[in-house]
Amino acid sequence: MIRKFFSYIIPIKIFKKKSARSKMIEVTWANGELVLDTENTNYSYGSLQRILRYGLRNIGYENILKMDHILLLGVAGGSVVKTLVDEIEYKEKITGVEIDPEMIQIANQYFNLNQIKQLEVVIDDAFEFVLKTKDKYNLIIIDIFEDTHMPNFLFEKFFLDRICTLLKDKGYVLFNTMILDEAHNVRNRKYISEVNSELFTTKMLPRIETHNEIIIINKVA
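According to the numbering used here, the sequence shown is numbered sequentially starting from 2.
Pasting the structure below:
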C-alpha cells in the first residue's frame, strides 16, 4: 500500500472525526502502521502499544496464558487486545469497557476489533461497570484517558479498593498513568501508599516513555 510506504517518511492522516466524548479522533499511517490518536495524545497502537506491552511483559506472558478472564477498562482502538491475542496468543475471555461508542466503531472499521471472538465489548462508564460487575478477574488493565486528562475517580481510594476486590487470587492490576507535572508524581505516590500492603504488592515500572508511568498491583494471596 502506497500510503503505508510513504508513512515511513511522513505521517499520513486517513480519517478524522469529532467525537462527543473524545473530542477529535484521528487514524493515521505512521512508520508503516495504523495508529489511533486524539488531538494531543496517542490512544492505540504506536507508543501506547509499546507501553502496555512493557507492562504485560513485566507481569509475564507465561502468567497471562494461565489466566481465564481479563478486564480492560478503556478500549479505544484495542491495541492491548491485539497484543494479548496476536503476540501472547491468549485464548480466554477478554471483557473491554469503553464509554465512547464512536471509538468502538472506528476500532471495528480500521483495526478489525469485532473479528476477535473472545472479546466482549461493553459500552459503559468504567466506574459504573466496576460497581455493577459480579465477575472476578485475573488481570485488570486500566487505560482511561480523555485526551491528556485522566478522570479523578481513577485515583480515589474507593475505586482502588473496588478494583482490588474484583481480583482473583494472585491477580494483577496494570494501570497506565500519565505524568505531566510534579502534582501527577505526588498523585501516583499517594495512590500506591493507599494500596493494602498486607494483601497486595505494588510497583512503578521505570518509564520507557516520558509521560507514561505504569503501576502494577499484585494480589499476593
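Using N, Cα and C, we set each Cβ at its ideal position, and we do this for glycine too.
Q. Would you call Val-76 buried or exposed, if buried means 16 or more other Cβ atoms sit within 10 Å of its Cβ?
A. Locating residue 76 in the sequence shown gives position 75, where the first residue counts as 1. Val-76 comes out buried.
What ranges does the alpha helix (DSSP H) occupy inside the region 81-126, keeping only unbroken runs of at least 4 residues that lie completely in it? 102-112
| query | Does the distance from the C-beta atom of Ile-164 to that of Val-131 stay below 8 Å? | reply | The residue you call residue 164 lines up with position 163 of the sequence shown. The residue you call residue 131 lines up with position 130 of the sequence shown. Contact flag set, yes.
inquiry  = Can you tell me whether Thr-166 is helix, strand or coil according to DSSP?
reply    = Position 165 of the sequence shown, counting from 1, holds the residue named residue 166. Thr-166: helix per DSSP, three-state reduction.
Can you tell me whether DSSP reads Tyr-173 as helix, strand or coil? Counting from one through the sequence shown, the residue named residue 173 turns up at place 172. Tyr-173 falls in the strand class under three-state DSSP.
| Among Leu-175, Gly-33, Glu-34, Phe-16, nearest to Ile-26 - alpha-carbon criterion | Position 25 of the sequence shown, counted from the start, is the residue given in the question as residue 26. Out of Leu-175, Gly-33, Glu-34, Phe-16, Phe-16 has the C-alpha closest to the C-alpha of Ile-26.
Notebook entry, point to check: Residues bridged to Val-28 by DSSP?
Noted result: The residue given as residue 28 occupies position 27 in the sequence shown. According to DSSP, Val-28 bridges with Phe-16, Leu-37.
- Query: Using 8 Å as the threshold, is the region 119-127 in touch with the region 52-72, meaning 3 or more CB pairs across them?
  - Reply: no
- Under 8 Å between the Cβ atoms of Leu-161 and Val-187? Start at 1 with the first residue of the sequence shown, and residue 161 comes out as number 160. Start at 1 with the first residue of the sequence shown, and residue 187 comes out as number 186. It is not a contact, given that the beta carbons lie outside the stated cut-off.
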